[in-house]
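Residue 404 in my numbering sits at position 195 of the sequence shown; the count goes up by one each step and never skips. By construction, the Cβ of each residue, glycine as well, lies at the ideal position given by its N, Cα and C atoms. First comes the structure, then the notes that go with it.
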Amino acid sequence: MDFIDLRKQARHLENEIDAKLVAFSKLGINAGVRHVSPDEVPLLDEEQVFENMASELETLLSKLFSINERMSQLQPNGAAMLHTMQRHKEILKDYKLEFNKIRNNFTARKDREDLLGSVRKEIDNYKSASGLNRREMYLKENQHIHNSDRLINDQISIAMETRDHLMTQRQAFKRIRTRFNDISNRFPAVNSLLQRINLRKRRDSVILGLVIGVCTFLMLLYAFH
Numbered sequence: 210m211d212f213i214d215l216r217k218q219a220r221h222l223e224n225e226i227d228a229k230l231v232a233f234s235k236l237g238i239n240a241g242v243r244h245v246s247p248d249e250v251p252l253l254d255e256e257q258v259f260e261n262m263a264s265e266l267e268t269l270l271s272k273l274f275s276i277n278e279r280m281s282q283l284q285p286n287g288a289a290m291l292h293t294m295q296r297h298k299e300i301l302k303d304y305k306l307e308f309n310k311i312r313n314n315f316t317a318r319k320d321r322e323d324l325l326g327s328v329r330k331e332i333d334n335y336k337s338a339s340g341l342n343r344r345e346m347y348l349k350e351n352q353h354i355h356n357s358d359r360l361i362n363d364q365i366s367i368a369m370e371t372r373d374h375l376m377t378q379r380q381a382f383k384r385i386r387t388r389f390n391d392i393s394n395r396f397p398a399v400n401s402l403l404q405r406i407n408l409r410k411r412r413d414s415v416i417l418g419l420v421i422g423v424c425t426f427l428m429l430l431y432a433f434h
């Protein structure tokens with residue numbers, strides 16, 4: 210398989226991983242936020258869905274790594290090909306970092322939810338054993354914990370959503386820059402034409418500035434005489 214076919218496969222996998230990472234991040238934010246009582250059985254285990262998606266992403270990342278390794282074994286025929294190989298490696302590295310960050314955040318949030326659930330259970334057991342004389346006090350304490358927990362979840366959701374938007378914009382800019390570099394390297398005449406157009410624009414701007422300056426000077430000279 211030649212370099213062009215490998216590059217097409219790499220781009221296809223990158224687009225698929227990019228879309229799944231966005232969904233993976235949203236699932237990580239929403240999972241565990243809604244508390245279910247012991248008498249209720251959720252129709253779908255969100256944690257299991259999260260783990261299934263993590264497994265799918267690991268498989269896709271492994272495939273992308275394999276394709277990058279196969280591209281690295283090819284002999285580069287120029288600077289453009291070498292640059293393209295390096296860009297695909299950098300994109301894979303960014304995807305791995307983002308994947309690990311989302312999964313670690315989910316694990317930390319799940320541990321915190323389990324701890325809070327254990328605290329709630331202990332409070333409920335203690336209230337049942339203590340009778341009704343302190344019932345109101347513990348209800349207020351439980352409500353305070355619930356409100357604090359909800360506030361923390363809201364802040365985490367805002368931070369994660371902001372991070373998702375920044376990540377999506379960053380990946381979009383990277384893909385645009387890569388495609389622009391590919392076009393510039395593939396069509397040197399286009400790149401040279403763009404440079405000449407920019408030089409001509411700057412030259413015209415300088416000439417226009419000089420003409421305006423001379424006219425202004427002559428008008429001032431005429432006005433004072």
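Residue i versus residue j - alpha carbon distance
i	j	result
Val250	Met262	The pLDDT assigned to Val250 is 43, lower than 50, so where the model puts this residue is not dependable; a value taken from the coordinates is nonetheless given after this. Going by the C-alpha atoms only, they are around 22 Å apart.
Asn347	Asn334	A small correction: the amino acid at residue 347 is Tyr; Asn does not occupy that position in the sequence shown. Answer to the nearest angstrom: the Cα atoms are 11 Å apart.
Leu360	Arg384	36 Å
Met210	Arg321	49 Å
Asp227	Asn314	18 Å
Lys229	Leu417	52 Å
His371	Val423	Correcting the residue type first, residue 371 is Thr in the shown sequence and not His. Spanning the two alpha carbons is a distance of roughly 52 Å.
Arg216	Asp303	18 Å
Val328	Ile367	26 Å
Asp413	Met290	37 Å
Thr425	Val415	15 Å
Val420	Arg411	14 Å
Leu373	Ser264	The question names Leu, but residue 373 is Asp in the sequence shown. One C-alpha to the other measures close to 20 Å.
Thr316	Leu306	15 Å
Asn351	Ile332	8 Å
Ser158	Met294	Because the chain spans 210 through 434 in this model, residue 158 falls outside it and cannot be assessed.
Ala432	Leu375	56 Å
Asp214	Leu408	38 Å
Gln380	Asn356	36 Å
Gln405	Glu260	Here residue 405 turns out to be Arg, not Gln, going by the sequence shown. Distance between the alpha carbons of Arg405 and Glu260 is about 54 Å.
Phe274	Asn224	14 Å
Gly287	Met428	58 Å
Ser401	Leu430	44 Å
Lys330	Phe382	48 Å
DSSP state of residue i mapped onto helix, strand, coil
i	result
Asn313	helix
Arg343	coil
Gly326	helix
Asn356	helix
Asp211	coil
Asp227	helix
Asp363	helix
Leu430	helix
Asn286	coil
Arg379	helix
Asp333	helix
Gln373	With the sequence shown as reference, residue 373 is identified as Asp, and Gln is not the correct amino acid for it. It is helical.
Asp254	coil
Presumed contact (8 Å Cβ cut-off) between residue i and residue j, rounded CB distance
i	j	result
Leu222	Leu269	6 Å
Ile300	Phe233	Actually they are not in contact, since the Cβ atoms of Ile300 and Phe233 sit about 16 Å apart, beyond 8 Å.
Leu325	Asp358	6 Å
Thr387	Arg296	5 Å
Arg318	Ile365	7 Å
Neighbourhood of residue i by C-beta distance below 7 Å, restricted to the same chain and skipping five residues each side
i	result
Lys272	Leu222
Thr377	Val231
Leu283	Phe212
Met369	Ser234 and Ile238
Lys349	none
Other residues of its chain near residue i: CB distance less than 8 Å, five sequence neighbours each side excluded
i	result
Asn239	Glu255
Leu266	Ile226, Lys229, Leu230, Phe233 and Phe308
Asp323	none
Contact set for residue i: own chain, Cβ-Cβ below 6 Å, skip 5 residues either direction
i	result
Ala219	Ile276 and His297
Pro285	Leu291
Any non-hydrogen atom of the ligand PLP within 7 Å of residue i CB
i	result
Ser357	Looking for the ligand PLP in the displayed structure turns up nothing, as the structure carries no ligands at all.
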